[in-house]
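The sequence shown begins at 1142 in this note's numbering and counts up by one. Don't be surprised by glycine CBs; every beta carbon is placed ideally from N, CA and C. First comes the structure, then the notes that go with it.
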Amino acid sequence: MMYNTRMIGRPLTKIIATIGPTCDITGQIEKLILAGVSVFRFNLKHNTQEWHNERINRIREVSERINQPVAVLLDLQGPEIRIGSFVEGEIKIHTGEEIAFALNRQPGERTIVLDNLKLLRSLRPGQRVLIDDGFLQFEITHCKKDHVDARVVKGGIVSSHKGMNIPELSVELPVLVEKDLEHLDLAARNEVDFVALSFVRRAKDIELLRNEMQRRKLTAGIIAKIENQQALDNFVEILEIADGIMIARGDLGIEVEIFKLPFFQKEIIRKTREAGKPVITATQMLQSMVVQPIPTRAEVSDVANAIFDYTDAIMLSAETAHGEYPLESVQMMYAVAQFIENKRVALPANEDSPSMVEAVVVSAYKLYQTLLHQPMSSIEAFVVLTTSGKTARLLARLRPGIPIIAVTPSRSVRDQLLISHGIIPRIFSFPEGAIHSFRALFQSLTKQHLVKPGDNVIVLHGKGWKDTGKTNALSIETVNA
1142 MMYNTRMIGR PLTKIIATIG PTCDITGQIE KLILAGVSVF RFNLKHNTQE
1192 WHNERINRIR EVSERINQPV AVLLDLQGPE IRIGSFVEGE IKIHTGEEIA
1242 FALNRQPGER TIVLDNLKLL RSLRPGQRVL IDDGFLQFEI THCKKDHVDA
1292 RVVKGGIVSS HKGMNIPELS VELPVLVEKD LEHLDLAARN EVDFVALSFV
1342 RRAKDIELLR NEMQRRKLTA GIIAKIENQQ ALDNFVEILE IADGIMIARG
1392 DLGIEVEIFK LPFFQKEIIR KTREAGKPVI TATQMLQSMV VQPIPTRAEV
1442 SDVANAIFDY TDAIMLSAET AHGEYPLESV QMMYAVAQFI ENKRVALPAN
1492 EDSPSMVEAV VVSAYKLYQT LLHQPMSSIE AFVVLTTSGK TARLLARLRP
1542 GIPIIAVTPS RSVRDQLLIS HGIIPRIFSF PEGAIHSFRA LFQSLTKQHL
1592 VKPGDNVIVL HGKGWKDTGK TNALSIETVN A
C-alpha cells in the first residue's frame, strides 16, 4: 500500500543543519528555518562558549519571532585522538617508508607525536592506524620502550593536529573530557534540547553523561553517536538507555570496512525506529554542495535511501556550517524528502502491544489504514495529547503517511519532539488539565494552519494531563469552523 501523503508545510523527515560561519550572514538562520530546518546542531569541537551562546540566543529569537519552533542540539567533542604538531605544519610521507609514533620527537627518525602515554603503550604489531579520516594509513611493526615503529600503507600529506583512528584499540579512553564538562554547563544554562555523546562504546557511557546532566538539572535528550565497532557490538544496550541515535558515518566508516556501512545504517535505522526512538542519519549527505550548487547523483540517492528506510532525520554538517550553498542544501533535502515520502510503502502494524498505550496506538494506526482509501472519511492527521511525548513517538515509529500533531503543555517536550519523524509538536493546555472538549484545541490548530474546517482527524488522549503514560482512548473527530 502506497502512501497518499498530505503535507502540512514541510516533509515528515526532519532536517538538521549544523551551525557555522556561513550561518552568520544576515537573515540566514531565518531562511534556513523557513526552508525546512527543524533542529540546529552545534559542533562543540569548534569556537568558544561565547560564540555558541550568542548563536543559541539568536536562533531562539528568530524562532520566536517567526513562530516556528526549532530545537538545539549540542554535539560534545568526546575523547578524540589527535596527533601533535609539526615544525612546518605538515610533512609528506611516502607509501612503504617507516615512521615512528612517540611522545617526543625521535632523533634521526621521522616522528608523529602523540600526547597519550597509555595510548602509545597499548599499540601492538599488526594494528592499523588511520589519520585524517583514513586518508593516511599505517601498520604498527615494532613496539619499543619510548616509541613504536610503523610502516606507511597509504602515504600523503599529514598536517598538525589531525584526527587519528585505531580500529582495534583496546585502551580505555575517558567518556567525557574536561571541555565536555564545561560544555554541559553551557547546555544547562541554555536549557538545550539535545546533547549528543561522541564515541559511545557501551550503555555505561550514557549513564555517566546522564549523571553529569542530572547534577546540572539538565533534562535534554541524549543522542548516542554510533561511530565505532564497540558501539555496534553493544548497540542493543545503548539503544535501551539512550533517547536517540545518530549514525555518525564519518568515523564509523573508518572504524569498520566502508563497504559494510550501508548494512549497518539500515540495521540501526530499523532497530531504533522499532524502539520508538529518533534516529539521525549523518555525515557527507550532500558533501559536494559545500562548493557546488548541485549535488552528485550518488548523494541524492544516499539521502533518498535513508528516507526510504524511514530515518527520523537527515543531517547537514559542512554543507551549512561553512559551505557556499547552505540554503540550497536544505532546499535539496526538502525536495528529496517530499518526493520520496510519497513513494514509500506503508509499514505493517506491530501486533505485539505489551502496554495499554501501545495497544491504543496500534488501534489508531489500523483505523487510519482502513480509512485511507475512503475519500468521504479519509484522515488528514493524528492529534496526540501528550505530556511526555511517548505516545507521539510510539505512533511515529509506525511511520503513518500523515502528520502527527503532538499537543503538549510542556515547551521542553515540544522541542524534543521536533527531531522525530512526522511529528509537528505544539503547546496547548486544557483548563485545569481536564479534557472535556476539543473545540478550543481545534480552533488553535486551525489558526496555525495545521488543520482546516471539515478535516477528519484521529485523536489519541487520556482523561487528563496530570499523569504520563495514561493514553487510553482514541476517537475520530471532525474539525469545526
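In this structure, I1281 lies near Q1268, with their beta-carbon atoms less than 7 Å apart. When the beta-carbon positions are compared, E1353 and L1393 stay at least 7 Å from each other. Pairing P1550 with S1570 gives a Cβ-Cβ distance under 7 Å. If you draw a 10 Å sphere on the C-beta of Q1515, you find fewer than 16 other C-beta atoms in it, and that means exposed.
P1566 is bridged by DSSP to A1547. Along the segment 1449-1507, the beta strand (DSSP E) occurs as fully enclosed runs of 3 or more residues at 1454-1457, listed in sequence order. The beta carbons of P1152 and Q1479 sit about 5 Å from each other, so the pair counts as a contact at 8 Å. The beta-carbon distance between D1321 and L1217, rounded to whole angstroms, is 5 Å. This is short enough to meet the 8 Å contact definition. Note on the segment 1347-1393: whole beta strand (DSSP E) runs with a minimum of 3 residues are 1362-1367, 1385-1389, in chain order. Taking the Cα of S1204 as reference, the smallest distance to any Cα among H1463, H1187, Q1169 is reached at Q1169. Distance from the CA of P1495 to the CA of V1501, rounded to the nearest whole angstrom, comes to 11 Å.
In the structure shown, F1183 falls within a strand segment according to DSSP collapsed to helix, strand and coil. Less than 7 Å separates the beta-carbon of L1535 from that of E1499. Cβ-Cβ separation between A1241 and R1251: approximately 7 Å, consistent with a contact (criterion under 8 Å).
The straight-line gap separating the alpha-carbon atoms of Q1472 and A1176 is approximately 6 Å. With contacts defined by Cβ atoms closer than 7 Å, I1307 and A1344 do not form a contacting pair. As summarised for the segment 1388-1448, the continuous alpha helix (DSSP H) elements at least 4 residues long and confined to that stretch are 1390-1396, 1402-1415, given in chain order.
DSSP places D1321 in no beta strand (DSSP E) but in the uninterrupted alpha helix (DSSP H) bounded by 1319-1331. In the DSSP secondary-structure assignment, G1304 is bridged to R1223. By a beta-carbon distance limit of 8 Å, K1358 contacts A1329. Their separation comes to about 7 Å. Taking N1331 as the centre and dropping the five residues before and after it, the same chain places the C-beta of I1197 closer than 6 Å to its C-beta, in chain order.
Within a 10 Å sphere around the beta-carbon of H1602 sit 16 or more other beta-carbons, which makes this residue buried. The beta carbon of R1223 sits closer than 6 Å to those of H1302, G1304, all from its chain and outside the five residues before and after it, given in chain order. Taking H1463 as reference, the option from T1163, T1159, I1455 with the minimal CA-CA separation is T1163. According to the DSSP assignment, E1202 belongs to no beta strand (DSSP E) but to the alpha helix (DSSP H) extending over 1190-1207. Between K1418 and D1384 a beta carbon distance of about 7 Å is seen, short of the 8 Å cut, so the two are scored as contacting. It is roughly 6 Å from the alpha-carbon of E1618 to the alpha-carbon of I1599.
In the DSSP assignment, L1536 falls within the alpha helix (DSSP H) that extends over 1531-1537. The Cβ-Cβ distance between I1448 and I1410 does not fall below 7 Å. In the structure shown, Q1278 adopts extended strand secondary structure according to DSSP, grouped into three states. Rounded to the nearest angstrom, the gap between the Cα atoms of H1283 and N1245 is 17 Å. Q1355 is classed as exposed because its beta carbon has fewer than 16 other beta carbons within 10 Å across all chains shown.
In terms of Cα proximity to L1260, the closest of H1288, V1431, K1295 is H1288.
With fewer than 16 other CB atoms across the displayed protein chains lying within 10 angstroms of its CB, K1286 is exposed. Taking 7 Å as the cut-off, the beta carbon of L1539 is found no closer than this to the beta carbon of L1615.
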